[in-house]
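For the record, the sequence lines run as chains E and S.
The first sequence begins at 2 in my numbering and counts up by one.
The second sequence begins at 2 in my numbering and counts up by one.
No residue lacks a Cβ here, since even glycine has one placed at the ideal position from N, Cα and C.
All figures in this text were calculated on a predicted structure; none of them were measured in a lab.
All remarks here apply to the structure that follows.
2 protein chains.
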Amino acid sequence: MGIVVQKYGGTSVGTIERIQAVAKRVAETRAAGHQLVVVVSAIAGETNRLIGLGQAMSKTPADREMDVLVASGEQVSSALLSLALNEIGVPAASLLAHQVRILTDTKHARARIQSIDATRMRELLDAGTVAVIAGFQGVDKDGNITTLGRGGTDTTAVAVAAALNADVCEIFTDVDGVYTTDPNVCSSARKVPRISYEEMLELASLGAKVLQIRSVELGMKFGVPIHVRSSFSAVEGTMVVKEEEALESVVVSGVACNKREAKVTIQGVPDHPGAVAAIFEPLADSNISVDMIIQNVSKEGTTDITFTVNGEDLVAAERVATEVSKAGGAGGVLVDDGIAKISVVGLGMRSHAGVAAKMFRLLAAEGINIEAISTSEIKVSCLIRERYSELAVRVLHEGFELGKKPSTLPPGLA
Amino acid sequence: MGIVVQKYGGTSVGTIERIQAVAKRVAETRAAGHQLVVVVSAIAGETNRLIGLGQAMSKTPADREMDVLVASGEQVSSALLSLALNEIGVPAASLLAHQVRILTDTKHARARIQSIDATRMRELLDAGTVAVIAGFQGVDKDGNITTLGRGGTDTTAVAVAAALNADVCEIFTDVDGVYTTDPNVCSSARKVPRISYEEMLELASLGAKVLQIRSVELGMKFGVPIHVRSSFSAVEGTMVVKEEEALESVVVSGVACNKREAKVTIQGVPDHPGAVAAIFEPLADSNISVDMIIQNVSKEGTTDITFTVNGEDLVAAERVATEVSKAGGAGGVLVDDGIAKISVVGLGMRSHAGVAAKMFRLLAAEGINIEAISTSEIKVSCLIRERYSELAVRVLHEGFELGKKPSTLPPGLA
């Protein structure tokens with residue numbers, strides 16, 4: 002008996018029948034003695050339909066109004082699920098962002114949650130009622146409607162779980178957990194029963210689209226256990242938990258691949274203090290999110306700066322880079338969207354040397370050239386030609402023995 | 002230069018092109034130097050679509066959740082109109098009920114507005130921004146979403162105009178004003194340039210579906226001039242104003258017909274104190290709205306009680322009436338949905354005798370039998386067989402000379 006938060010995505014509430022199936026699942030959890038808060042996305046396709054309407058009205062639609070528009074999708078699904086629950090005898094009430102005071106900053110379309118008032122939810126739970134929260138939406142301090150960006154309902158769910166000090170936040174989705182790599186690319190990919198927040202963060206940011214990054218950050222900050230599992234089956238999924246609770250002490254826990262990035266190189270940048278800031282400030286001002294940044298040692302007073310951006314930002318990034326290059330007396334700009342970023346992630350590499358070296362050797366053995374490298378404490382990423390990406394995933398997955406169930410001892414590094 | 006409130010109904014915002022046409026009209030009004038608040042309905046058909054979804058989820062959907070569901074329709078249209086205004090260079094911002102604090106009672110699906118906080122709207126107007134209010138919706142004291150019933154956007158508009166002390170509330174609709182009777186039934190029907198709130202109230206409640214009754218009540222209470230006019234043309238419509246400003250001092254200003262009512266008679270009700278209350282209390286408890294109530298003098302210690310209800314409430318009303326009849330020892334229940342209510346309305350009849358007599362004579366001359374009569378200060382209503390309703394409208398319209406432009410003196414009563 003405790004508080005359980007369940008999040009259902011757009012596919013899970015995609016039709017009337019699926020909403021009824023969700024209601025049945027919620028009823029079962031409640032019958033097991035739990036107090037329940039459910040957080041829902043808009044019906045699959047609805048957000049895109051609303052965005053299409055908004056874009057039909059304006060070529061440069063104001064973010065504030067787009068947020069009002071798309072937030073209606075979750076309003077509809079939260080009311081529909083509440084009705085479906087009532088119909089099978091479960092007391093339920095929908096709550097919108099302004100009713101739970103999901104307070105965010107004022108950055109429309111990508112707002113961040115600052116606080117949640119749990120009072121109203123607790124009242125409902127104490128009365129035996131299921132609270133059905135409209136995901137993805139918030140309000141700023143002036144009561145304007147904001148939204149949290151793609152995948153934002155995950156973040157609503159984890160934030161609600163944190164505010165209620167819930168026992169678990171269950172994320173129901175169309176996959177049944179977190180895998181060592183993409184099962185569509187590598188047939189020996191294995192579902193991981195437990196994974197740490199840190200590893201999940203790296204995997205999420207590397208393109209394993211299971212959870213919104215911000216939701217994992219919040220889960221880590223407030224210690225909310227996150228259970229990623231399938232809407233369409235009852236099997237256990239993957240628990241995202243604190244490092245000390247992530248039982249598998251393996252060196253490498255997953256291989257991720259992101260083919261949506263593109264590479265920009267500014268050649269011959271004069272090497273003096275402020276030169277790099279002069280490149281990345283205008284990119285930030287243009288709302289272009291930069292992922293990897295690589296700068297090598299300077300030769301003859303100039304250096305080449307390479308960075309990667311989301312493929313859809315490439316045109317804008319090239320324009321800004323070209324302006325910056327001219328203004329700063331650099332040698333010119335090269336762009337390349339035929340790349341893939343391949344990464345290995347694992348807490349174990351903090352204490353085990355040689356992961357990077359092994360990765361480079363595995364790729365080299367297949368004749369895959371590495372064009373750039375970037376590392377963090379628990380991650381090594383390489384840019385390679387996009388056409389080698391599936392091959393690279395399989396080679397690394399096999400080389401790090403991720404398909405095998407881990408023994409109590411971490412596998413030795415060759 | 003002053004504050005103008007404009008209301009656009011679902012047909013007026015029925016397509017992307019029509020929303021753009023509304024934006025153009027709003028821009029013109031603003032260019033003429035007015036401060037503007039626009040109140041919008043949901044896109045035509047959207048409310049019914051949402052109700053259909055809700056009914057698919059539950060056979061007896063909770064009013065609270067249905068209000069959350071259908072209120073999303075006005076959220077969408079207010080955002081879309083704001084985007085369309087921005088696109089043609091007009092600063093605009095949508096505002097939902099919780100953002101303007103349109104406070105209502107807690108009666109879901111038929112809530113009544115209690116107050117509106119004009120602060121946020123005034124800030125926008127002072128900044129030169131058009132405020133686009135989502136109509137039809139409110140919030141109760143606990144922040145639950147409520148809706149105002151069919152036609153509720155009219156009431157939002159008039160209430161907003163009252164809160165802002167606006168110069169005029171323009172109701173844009175698919176007819177170009179208020180007519181002396183239905184132009185589809187009587188070719189000599191004439192548009193009335195000015196009409197009093199009192200007359201409009203009687204006409205609205207009698208089935209002239211131009212304005213929600215509650216909006217006229219609010220207009221009368223706060224002295225808001227209401228201009229009913231067409232979305233699709235620039236011609237002047239009908240001004241609904243105070244009696245002393247309603248220039249046409251005619252005896253009868255309109256003929257209305259309502260074919261949607263049905264008649265219930267409880268025969269042989271024992272004539273003692275409390276007998277009538279025992280009939281109408283259970284009807285009210287079952288949310289059945291009763292229109293006419295007719296009780297004639299008692300014979301032999303019993304009396305017949307006749308009342309009319311909306312046709313769609315007839316089955317429920319018959320059930321309640323039968324229970325009441327049994328419990329109270331009455332003689333039985335007769336129901337009849339083949340009736341029409343035909344009415345003449347006019348301020349002048351307060352001081353001119355003979356309107357009722359003339360009405361009865363005009364009907365009798367055509368062989369139309371009168372089955373029940375009910376009167377108010379400015380209205381006479383008769384129940385007749387439904388098949389005579391069009392004939393009755395034409396006879397009364399001609400007999401009271403409503404097709405003629407009125408002279409300064411009221412037409413004499415024959």
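C-beta atoms of residue i and residue j nearer than 9 Å
i: residue 117 of chain E; j: residue 131 of chain E; result: no
i: residue 138 of chain S; j: residue 97 of chain S; result: yes
i: residue 186 of chain E; j: residue 395 of chain E; result: yes
i: residue 42 of chain S; j: residue 154 of chain S; result: yes
i: residue 61 of chain S; j: residue 111 of chain S; result: no
i: residue 336 of chain E; j: residue 255 of chain E; result: no
i: residue 160 of chain S; j: residue 169 of chain S; result: no
i: residue 175 of chain S; j: residue 231 of chain S; result: yes
i: residue 195 of chain S; j: residue 253 of chain S; result: no
i: residue 128 of chain E; j: residue 95 of chain E; result: no
i: residue 338 of chain S; j: residue 312 of chain S; result: yes
i: residue 77 of chain E; j: residue 51 of chain S; result: yes
i: residue 381 of chain E; j: residue 357 of chain E; result: yes
i: residue 308 of chain E; j: residue 264 of chain E; result: yes
i: residue 378 of chain S; j: residue 350 of chain S; result: yes
i: residue 164 of chain S; j: residue 119 of chain S; result: yes
i: residue 423 of chain E; j: residue 348 of chain E; result: Examination of residue 423 of chain E is not possible in this model, given that chain E is present from 2 through 415 alone.
Cβ neighbours of residue i in the same chain (closer than 7 Å, five flanking residues each side left out)
i: residue 405 of chain S; result: none
i: residue 229 of chain S; result: 172, 174, 178, 179, 211, 212, 238, 239, 241
i: residue 144 of chain E; result: 99
For residue i, the first and last residue of its enclosing beta strand (DSSP E)
i: residue 228 of chain S; result: 227-231
i: residue 264 of chain S; result: 262-271
i: residue 139 of chain S; result: 138-140
i: residue 8 of chain S; result: 4-9
i: residue 401 of chain E; result: Taken as a continuous stretch (DSSP letters only), residue 401 of chain E belongs to no beta strand (DSSP E), as it is neither H nor E.
Cβ shell of residue i (< 6 Å), same chain only, five flanking positions each side left out
i: residue 403 of chain S; result: 181
i: residue 85 of chain E; result: 20, 21, 24
i: residue 267 of chain S; result: 306, 322, 326, 331, 334
i: residue 439 of chain S; result: Absent from the structure is residue 439 of chain S, since the part of chain S shown begins at 2 and ends at 415.
i: residue 55 of chain E; result: 62, 67, 70
i: residue 7 of chain S; result: 39, 171
i: residue 104 of chain S; result: 115, 116
Rounded C-alpha distance that separates residue i from residue j
i: residue 298 of chain S; j: residue 331 of chain S; result: 16 Å
i: residue 306 of chain E; j: residue 270 of chain E; result: 7 Å
i: residue 39 of chain E; j: residue 47 of chain E; result: 19 Å
i: residue 79 of chain S; j: residue 276 of chain S; result: 50 Å
i: residue 12 of chain S; j: residue 329 of chain E; result: 57 Å
i: residue 343 of chain S; j: residue 4 of chain S; result: 39 Å
i: residue 17 of chain E; j: residue 125 of chain S; result: 40 Å
i: residue 200 of chain E; j: residue 157 of chain S; result: 52 Å
i: residue 300 of chain S; j: residue 294 of chain S; result: 18 Å
i: residue 376 of chain S; j: residue 89 of chain E; result: 48 Å
i: residue 224 of chain E; j: residue 178 of chain E; result: 19 Å
i: residue 304 of chain E; j: residue 315 of chain E; result: 22 Å
i: residue 214 of chain S; j: residue 115 of chain S; result: 16 Å
i: residue 53 of chain S; j: residue 346 of chain E; result: 48 Å
Run of the alpha helix (DSSP H) containing residue i, from where it starts to where it stops
i: residue 280 of chain S; result: 276-286
i: residue 371 of chain E; result: Note, residue 371 of chain E: premise wrong, no alpha helix (DSSP H); not H, not E.
Neighbourhood of residue i by C-beta distance below 8 Å, restricted to the same chain and skipping five residues each side
i: residue 317 of chain E; result: 287, 289
i: residue 341 of chain E; result: 258, 259, 260, 262, 384, 385, 386, 387, 389, 390, 393
i: residue 398 of chain S; result: 181, 182, 187, 189, 190, 256, 404
i: residue 279 of chain E; result: 325, 328, 329
i: residue 412 of chain S; result: Summary for residue 412 of chain S: the model assigns pLDDT 39, below 50, so the residue's position carries little reliability, and this model does not support an answer.
Proximity test, residue i beta-carbon vs the ligand SAM heavy atom, cut-off 8 Å
i: residue 145 of chain E; result: The model depicted lacks the ligand SAM and carries no ligand whatsoever.
Residue-chain proximity (residue i, chain B), Cβ-Cβ < 9 Å
i: residue 371 of chain S; result: Absence of chain B from the displayed structure is noted, the protein chains being E and S.
Cβ-based contacts, 8 Å cut-off: residues of the segment 95-120 of chain E near chain S: 95, 97, 99, 100
Residues within the segment 27-45 of chain E neighbouring chain S, beta-carbon criterion of under 7 Å: none
Contact set between the segment 7-18 of chain E and chain S, restricted to residues whose Cβ is under 9 Å from the partner: 17
Selection of the segment 136-154 of chain S by Cβ proximity to chain E, strictly under 7 Å: 144
Within 7 Å of chain S by C-beta, residues of the segment 232-243 of chain E in sequence order: Among the residues of the segment 232-243 of chain E, none has a Cβ less than 7 Å away from any Cβ of chain S.
Chain S contacts from the segment 334-366 of chain E (Cβ-Cβ distance under 7 Å): Taking 7 Å as the Cβ-Cβ cut-off against chain S, none of the residues of the segment 334-366 of chain E qualify.
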